[in-house]
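All letters in the sequence shown, in the order written, are residues 118 to 328 by the numbering used here.
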Amino acid sequence: MNKKLAAALSGGAVLVLTLSGCSDDSDNKVNDWAKKVCDQVQPQLQKIANANAAIQQQTADNSKPADVQKTDSAAFQQISQAYKALGSAVQSAGAPPVDGGETTQKEAVKELNASSVAYANLKTKVDALDTKDQAKFADGLKGIADELNKISTNGDQALKKLQSGEVGSAMAKQKGCQKPTASAPPASAPSAESGSPSKSASPSASASEKV
């Protein structure tokens with residue numbers, strides 16, 4: 118029942134993790150700006166990766182609705198907070214020292230904040246689902262997965278722009294902007310000892326793919 122949600126998460130939009138290239142032609146000012154952002158970005162990317170991993174773990178068919186709800190809710194809250202912090206990181210770094218940098222920065226911050234609000238809304242919707250009726254709960258999760266797909270397709274144009282050209286090359290060289298590996302699931306997720314595999318309740322898989 119949570120598999121569609123996990124699949125939708127793996128397509129989510131997140132800052133910077135699409136970065137891969139290495140270029141040495143960025144000047145020092147651009148490199149300094151990228152370091153300032155990426156040093157603050159890494160802890161947030163890690164939170165998103167961990168939250169997605171928790172949701173992925175809660176995807177088993179025999180997962181109890183209440184466990185899925187608890188895990189998904191905690192994960193969405195974690196992702197929402199991480200996006201807000203990412204927006205603050207890009208905001209506090211100032212405009213990147215390139216043509217049109219101020220506009221690019223403002224649009225990226227706007228998108229990150231909008232994503233934070235969107236995930237907070239998903240948390241509210243998950244919290245409101247009826248866990249006593251498995252069919253209704255599954256339908257509710259399907260609706261949330263559909264909304265996740267919209268979030269991932271609607272909002273990362275400004276982030277793509279931020280990650281292109283000179284700025285993107287400089288960010289790609291920073292360790293803090295590299296994709297993290299998920300560690301242990303969030304403390305609020307059901308523990309493995311409870312007997313039910315936690316495979317499907319985490320939105321991080323998708324979010325971290327795109328950061």
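Don't be surprised by glycine CBs; every beta carbon is placed ideally from N, CA and C. Just so we're clear, the structure is a prediction, and the values are computed from it rather than from any experiment.
DSSP places GLY285 inside the alpha helix (DSSP H), whose first and last residues are 282 to 289.
Between the stretch 246 to 254 and the stretch 176 to 190 there are three or more C-beta pairs closer than 8 angstroms, enough to call the two in contact.
Its chain contains VAL226, LEU229, ASN230 as the residues whose beta carbon lies nearer than 6 angstroms to that of GLY204, once the 5 sequence neighbours on both sides are disregarded; these appear in chain order. Restricting attention to ASP189, ALA199, GLN159, the CA atom closest to the CA of SER233 is found in ALA199.
Look at the stretch 204 to 268 and you find these whole runs of alpha helix (DSSP H), each 4 residues long or longer: 218 to 244. For LYS296, there is no enclosing alpha helix (DSSP H), as DSSP marks it with neither H nor E. Note on geometry: alpha-carbon atoms of VAL284 and PRO213 lie some 7 angstroms from one another.
In the three-state reduction of the DSSP assignment, ALA177 falls in the coil class, being assigned neither a helical nor a strand state. In the three-state reduction of the DSSP assignment, ASP144 falls in the coil class, being assigned neither a helical nor a strand state.
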